[in-house]
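Presented below is the structure to which this report refers.
Laid out in structure tokens, this is it:
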């Protein structure tokens with residue numbers, strides 16, 4: 001009986017020690033974290049087009065493109081440590097063209113666009129000062145004018161291929177291989193260039209000010 005009791009005690013000690021090691025190992029495992037540093041006291045930022053870089057909105061379904069040399073955005077990136085890369089920054093408003101400098105489309109059409117709701121910038125991976133990420137919650141209204149009249153359209157979805165570089169403060173949206181933007185409404189004199197249900201992709205390059213730093217272990 002004493003031998004059985006002694007063996008049981010040893011077994012229990014081994015099991016408890018193993019459990020302790022497992023718990024310690026699990027708690028010591030690094031957690032995925034993201035750190036955002038914004039020098040602005042109010043955590044705000046602005047973004048303007050990189051000089052010489054044209055933004056391009058492409059209707060993949062019809063092949064129509066709209067190009068713009070003036071575009072920008074404003075938003076917030078709050079200082080802090082984040083458990084995930086979701087919502088590292090918020091774009092509160094974005095414009096594509098202005099009344100004084102409209103974008104160019106097919107058939108001599110002129111276009112302007114503005115965002116309808118806040119959009120989220122999300123981190124997916126980080127390496128060497130460069131964050132790869134996505135832009136979600138996109139919803140913008142487009143208005144185009146031509147000899148045929150006025151075309152109004154709404155585009156919604158996401159841009160799933162983007163990078164932000166700490167050293168330069170440049171945010172680049174790369175046109176997705178698989179378009180994730182959809183024309184959810186189109187009305188007026190659109191001449192078949194933009195139709196409800198069409199798929200679209202977007203590419204642009206923004207200079208962010210002040211320069212925000214994003215890191216992740």
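In full-length UniProt numbering, the protein residues as written are 1 to 217. Just so you know, even glycine gets a beta-carbon here, dropped at the ideal spot from N, CA and C. Quick caveat: nothing in here was measured; it's all calculated off a predicted structure.
field: Neighbourhood of residue 160 by C-beta, 7 Å cutoff - its chain only, sequence neighbours within 5 removed
entry: Locating residue 160 in the chain shown gives position 160, where the first residue counts as 1. Result list for residue 160: 134, 176 and 180, in chain order.
query: What's the gap between the Cα of residue 214 and the Cα of residue 131?
result: As a working mapping, residue 214 is identified with position 214 in the chain shown. As a working mapping, residue 131 is identified with position 131 in the chain shown. If you take the alpha carbons of residue 214 and residue 131, they lie about 7 Å apart.
query: Since residue 193 and residue 47 are thought to touch, with beta carbons under 8 Å apart, how far apart are those beta carbons, to the nearest angstrom?
result: Within the chain shown, numbered from 1, the residue matching residue 193 stands at position 193. Within the chain shown, numbered from 1, the residue matching residue 47 stands at position 47. The Cβ separation is near 28 Å, so there is no contact.
message: Run through the DSSP bridge pairs and tell me what residue 212 is partnered with.
response: Translated into the one-based positions of the chain shown, residue 212 becomes position 212. According to DSSP, residue 212 bridges with nothing at all.
task: Quickly, what does DSSP pair residue 74 with across the bridge? List them, please.
output: Position 74 of the chain shown, counted from the first residue, corresponds to residue 74. According to DSSP, which records beta bridges pairwise, residue 74 is partnered with 46 and 93.
message: Please tell me whether residue 54 and residue 69 are closer than 8 Å, where the distance is taken between their beta carbons.
response: For the purposes of this step, residue 54 is taken as the residue at position 54 of the chain shown. For the purposes of this step, residue 69 is taken as the residue at position 69 of the chain shown. Against a cut-off of 8 Å, the Cβ pair of residue 69 and residue 54 comes out as a contact.
query: Which residues in the same chain as residue 211 place their Cβ atom closer than 6 Å to its Cβ, once the five residues preceding and following it in sequence are excluded?
result: By one-based count along the chain shown, residue 211 stands at place 211. So the list reads 169, once near-sequence residues are dropped.
task: Assess, as a yes-or-no matter, whether the region 78 to 90 is touched by the region 54 to 67 under the definition of 3 or more beta carbon pairs within less than 8 Å.
output: no
field: Rounded C-alpha distance that separates residue 217 from residue 206
entry: Here the question's residue 217 lines up with position 217 in the chain shown. Here the question's residue 206 lines up with position 206 in the chain shown. Cα-Cα distance, rounded: 25 Å.
Member of 57, 33 and 37 whose CA lies at the smallest distance from the CA of residue 154: The sequence position of residue 154 within the chain shown is 154, counting from 1. Closest by alpha carbon: 57.
message: Once DSSP output is grouped into helix, strand and coil, what is the label at residue 15?
response: Numbered from its first residue, the chain shown carries residue 15 at position 15. Low confidence applies to residue 15: its pLDDT is 38, below 50, so where it sits in the model is not reliable enough to give any reading.
message: Can you give me the C-alpha to C-alpha distance between residue 86 and residue 166, rounded to a whole angstrom?
response: Working through the chain shown from its first residue, we reach residue 86 at position 86. Working through the chain shown from its first residue, we reach residue 166 at position 166. Distance between the alpha carbons of residue 86 and residue 166: 18 Å.
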